[in-house]
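Enquirer:
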Amino acid sequence: MEIRYATNPEQTKTYDTEKLRDEYLIERLFVPGELKMVYSHVDRYIIGGVIPKGNTLQLEAGKKEIGADYFLERREIGIINVGSAGVVTVDGQEYVLETKDCLYVGLGNEEVTFTSEDANSPARFYFISVPAHKQYETVKLSISEATPTHLGDISGSNERTIYKYIHPDGIQSSQLVMGMTLLKPNNMWNTMPCHTHERRSEVYFYFDMPEDGTVFHFMGQPNETRHLVVRNEQAVISPSWSIHSGVGTNNYTFIWAMAGENQSFNDMDMIEMKELK
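Position one of the sequence shown corresponds to residue 2 (our numbering), numbered consecutively onward.
#1: Is it the case that the region 81-92 contacts the region 111-123, given that we only count it when at least three CB pairs across the two stretches are under 8 angstroms?
#2: If you count every other CB in all the chains shown that lies within 10 Å of the CB of Pro240, and 16 or more means buried, which is it?
#3: If you measure from the CB of His218, is any heavy atom of the ligand MN nearer than 7 angstroms?
#4: Would you say the region 66-77 touches the region 226-236, given that touching needs at least three Cβ pairs under 8 angstroms?
#5: Helix, strand or coil: which one does DSSP assign to Gln235?
#6: For the candidate residues Met210, Met179, Val131, whose alpha-carbon lies nearest to that of Val42?
#7: Below 8 angstroms, can you find three or more Cβ-Cβ pairs linking the region 51-61 to the region 105-121?
#8: Tell me the residue span of the beta strand (DSSP E) that contains Leu108.
#9: For Asp210, which residues from the same chain have a beta carbon less than 6 angstroms from its beta carbon, with the 5 sequence-adjacent residues on both sides left out?
#10: Please return the same chain residues whose Cβ sits closer than 6 angstroms to the Cβ of Asn191, not counting the five positions on each side in sequence.
#11: For a minimum of 4 consecutive residues, which ranges assigned as the alpha helix (DSSP H) are wholly contained in the region 62-90?
#12: Taking Ile144 as the reference, give the member of Gly249, Thr57, Ile80, Lys20 with the closest Cα.
#13: Using 8 angstroms as the threshold, is the C-beta distance between Thr236 and Ile27 below it?
#14: Please go through the same chain and pick out, in chain order, the residues whose beta-carbon is closer than 6 angstroms to the beta-carbon of Glu24, but skip the five residues on each side of it.
#15: Given a cut-off of 8 angstroms, decide if Tyr105 and Ile172 are closer than it, judged by their beta-carbon atoms.
#16: Ignoring anything shorter than 3 residues or poking outside the region 123-184, list the beta strand (DSSP E) runs there in chain order.
#17: Which residue from Ala62, Thr182, Asp213 puts its Cα closest to that of Asn251?
#18: In this structure, does DSSP put Asp23 in helix, strand or coil?
#19: Using the Cβ count rule (16 or more neighbours within 10 Å means buried), how would you classify Thr139?
#20: Comparing alpha-carbon positions, which option in Gln136, Pro169, Thr148 lies nearest Thr162?
#21: Note down, in chain order, each residue of its chain lying with its Cβ closer than 7 angstroms to the Cβ of Leu277, except the 5 sequence neighbours on either side.
#22: Could you tell me the boundaries of the alpha helix (DSSP H) in which Thr13 lies?
#23: Tell me the residue span of the beta strand (DSSP E) that contains Met259.
#24: Just to confirm the assignment: which complete beta strand (DSSP E) runs, minimum length 3, are found wholly within the region 179-222?
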């Protein structure tokens with residue numbers, strides 16, 4: 002498990018491109034036949050990717066990193082499949098996830114495993130785990146069952162559909178909030194005008210991008226912005242003090258996840274365009 006420590010905005014002002022990427026960008030989460038994880042001290046996220054390829058992979062605790070006997074002893078997890086069909090088994094109960102389906106697994110479940118239905122076309126499970134203080138039931142929500150919210154317009158190049166999976170009015174959780182945004186063809190901007198939320202951090206995971214596609218993800222304080230060049234199936238850790246917005250060379254999809262002081266989706270500090278530097 003890779004460890005990332007938290008940083009502050011004064012440090013970030015001094016970073017060159019390589020250092021900025023080392024701190025905030027997760028370049029490779031998916032390796033065939035492996036389960037990869039990054040532990041961030043920003044709200045203690047564990048960000049992971051799983052490709053079972055003819056094998057079964059188990060979610061295991063890092064004794065040194067989380068000091069637990071099993072992974073979900075004091076944690077909860079949200080899982081979204083971004084590949085072909087696969088199965089997540091939770092303490093003996095199987096859940097089949099098609100592409101873009103979501104599974105929430107609560108605190109106290111001891112054994113979580115991942116398999117693909119077809120090793121030649123494997124599942125690609127993306128997950129976010131955060132500490133939990135209360136147990137909630139395990140719930141699967143397929144994209145066909147989720148309620149879409151349509152926002153934006155073509156004139157702003159941000160026509161998009163948002164699916165909220167884990168949130169106060171959907172799948173219940175201790176503190177995790179998680180969903181997915183799909184940009185329509187010929188639309189490239191997300192979360193602009195931008196915002197911060199000092200009470201919560203966020204992780205963005207970009208996918209459904211062509212091989213030569215790129216997203217320029219903007220971060221930093223509103224008056225001291227930076228950018229990260231992001232490619233398919235890469236993730237960005239966004240601290241509470243940072244904006245989080247992006248524009249792509251093509252339309253794309255991204256999974257967002259939040260944790261921190263509250264679960265209110267609308268708890269945002271909006272930034273006027275004229276304030277950006």
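A virtual CB, placed ideally from N, CA and C, is assigned to each residue, including glycine.
Expert: By the coordinates alone:
#1: In this structure the region 111-123 touches the region 81-92; the number of beta carbon pairs closer than 8 angstroms is three or more.
#2: Counting Cβ neighbours within 10 Å, Pro240 comes out buried, since at least 16 surround it.
#3: The ligand MN is not part of this structure, which contains no ligands at all.
#4: At 8 angstroms Cβ cutoff, the stretches do not touch.
#5: In the structure shown, Gln235 sits in a strand (DSSP, three-state: E or B).
#6: Checking the displayed sequence, the identity of residue 42 turns out to be His instead of Val. The candidate whose alpha carbon is nearest that of His42 is Val131.
#7: Yes, the region 51-61 touches the region 105-121.
#8: Note, Leu108: premise wrong, no beta strand (DSSP E); not H, not E.
#9: First, the residue type needs correcting, since residue 210 is Met and not Asp in the sequence shown. Closer than 6 angstroms at the Cβ level, and outside the excluded window around Met210, lie Asn233, Tyr253.
#10: The residues are Gly247.
#11: Runs found: 64-67.
#12: Comparing Cα-Cα distances from Ile144 to each of Gly249, Thr57, Ile80, Lys20, the minimum goes to Ile80.
#13: Just to set this straight, residue 236 is Ala in the shown sequence, not Thr. Contact annotation: Ala236 and Ile27 have beta-carbon atoms nearer than 8 angstroms.
#14: Hits under 6 angstroms: Thr8.
#15: Judged by their CB atoms, Ile172 and Tyr105 are nearer to each other than the 8 angstroms cut-off.
#16: Correct list: 126-132, 140-142, 149-152, 161-167, 178-184.
#17: It is Asp213.
#18: The three-state reading of DSSP puts Asp23 in helix, counting H, G and I together.
#19: Burial check for Thr139: the Cβ neighbour count within 10 Å reaches 16 or more, so the residue is buried.
#20: Considering only alpha carbons, the answer is Thr148.
#21: Here Leu277 has Pro223, Thr226 as same chain residues with Cβ atoms under 7 angstroms from its own Cβ, once five neighbours each way along the sequence are excluded.
#22: Counting along the chain, the alpha helix (DSSP H) containing Thr13 begins and ends at 10-13.
#23: Counted as a single uninterrupted DSSP element, the beta strand (DSSP E) harbouring Met259 occupies residues 254-261.
#24: The qualifying runs are 201-208, 216-222.
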